[in-house]
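Residues in the sequence shown are numbered consecutively from 163, following the numbering used here. Glycine residues also receive a C-beta, built at the ideal position from the N, C-alpha and C atoms.
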Amino acid sequence: MILILLVIPAIYFSFLSFVEVYKAVDKKNRVHKTKIALYLILVSFILILFANIFAFDATESNFGTSYWLTATIYYLLVSMMSGYVFLVIKRSRSRKNITKLTLTIFTILLYVPVIVWMSRVYSVGIYSGKFGTSAKYAKKIVDQNINPRVNHNVISSYRVGDNWNVKVDFISRDGEIKVTKNYRVGINDGKIIKEGKAVKFSVTKSLMPIDDAEIILFSSNSGQTQNSYDWDKIDYMKSDENGVAETDIDIKDNVYYFVQIKDCSLACQSVYYKLGEPIKGEYRIEYNPLQYNVVEI
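Written out as structure tokens, the structure is:
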């Protein structure tokens with residue numbers, strides 16, 4: 163629908179502009195170059211504006227300079243080429259047969275494919291699929307990949323190199339934002355990029371799985387249990403009915419990790435554990451590293 167609303171005025175203004183180009187050639191076959199140039203600039207500006215609307219829609223939180231530049235150059239070339247074609251037609255012997263209907267048909271045949279093609283390719287796919295992945299579609303991919311038990315909000319998506327960087331806020335049961343995470347989605351293939359070692363946690367209380375427990379993963383450079391001020395919240399999860407939760411954080415060997423388990427099955431209580439150390443008490447947490455590179459959703 164948006165495409166149709168943009169194409170119709172583009173065709174209309176293009177038609178008016180090229181009619182003026184047509185009139186710029188007088189009866190003695192002399193070309194008024196200044197008038198032609200002004201109208202070509204006008205139609206180029208209008209079409210560039212439409213192209214940048216497409217580019218903005220695709221990149222959302224940043225405009226994407228390369229798309230602006232590509233769209234600008236391309237539409238300038240198309241407009242100048244079209245103006246030249248009209249001049250050639252006008253100066254030909256068959257110029258008396260040129261009618262408004264002919265101009266309209268020519269404009270439609272020229273600009274509808276151009277606008278559709280530009281929106282699909284140079285704006286990185288308003289439509290998802292083989293033409294690329296849009297920022298909105300990347301957000302949808304990430305949203306579908308997150309555990310539906312976890313309350314979250316996909317807040318932004320912007321381009322970094324050949325990937326979309328999708329930012330997500332994870333929100334705890336009490337409404338406090340616990341963790342903000344970044345996901346990478348390939349522009350060309352629409353896949354979430356995962357690297358390194360992930361961890362699958364299994365949480366139990368008195369050897370019984372804990373359902374719907376909140377699990378917060380921290381990282382620390384010092385590894386000091388008491389100095390929690392240097393802990394960084396890096397992931398927020400919820401366990402399933404089997405007490406299992408999985409993180410897609412890249413677990414590194416040279417970084418210390420702490421886990422907070424918040425169990426509200428009876429009365430809410432929290433316990434903290436340092437990964438790799440013996441666990442005491444009724445709560446248990448087991449974890450198994452998972453190896454993967456790229457996972458297709």
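Residue i: buried (16+ other C-beta within 10 angstroms of its C-beta) or exposed?
i    : result
K343 : buried
D324 : exposed
L369 : exposed
D412 : exposed
M384 : A small correction: the amino acid at residue 384 is Ser; Met does not occupy that position in the sequence shown. So S384 ends up on the exposed side.
A297 : buried
V304 : buried
By DSSP, does residue i sit in helix, in strand, or in coil?
i    : result
I372 : coil
V304 : helix
A429 : coil
K298 : helix
K343 : strand
D402 : coil
L165 : Model confidence at L165 stands at a pLDDT of 46, short of 50, so the residue's coordinates are unreliable and nothing is read from them.
I413 : coil
W393 : coil
L379 : strand
N315 : strand
S384 : coil
S223 : Unreliable positioning characterises S223 in this predicted model, as indicated by a pLDDT of 37, which lies under 50. The coordinate reading is nonetheless provided below. S223 falls in the coil class under three-state DSSP.
E448 : strand
K460 : Here the chain covers residues 163 to 459 and nothing more, so residue 460 does not appear.
G438 : coil
Alpha carbon to alpha carbon, what distance is there between residue j and residue i?
i    : j    : result
G443 : V433 : 10 Å
A300 : Y345 : 9 Å
D336 : N313 : 10 Å
V316 : K329 : 6 Å
D415 : M399 : 21 Å
E338 : I349 : 32 Å
K461 : D351 : Within the shown structure, residues of the chain are numbered from 163 to 459, placing residue 461 beyond reach of any answer.
S319 : A407 : 25 Å
V361 : V417 : 14 Å
I307 : E439 : The sequence given here has Asn at residue 307, not Ile. If I take the Cα positions, the gap works out to 31 Å.
C430 : S334 : 13 Å
F332 : R321 : 21 Å
Report the option in the options whose CA atom is closest to the CA atom of residue i.
i    : options                : result
V365 : G337, G405, S382       : G405
E376 : N350, V417, Y419, D425 : D425
S427 : K367, V330, S319       : K367
L437 : N350, F363, P371, K340 : F363
S381 : I333, P310, V421, V304 : V421
Y435 : A297, N309, I378       : I378
W393 : P310, Y419, V347, I303 : Y419
I372 : K298, N327, Y445       : Y445
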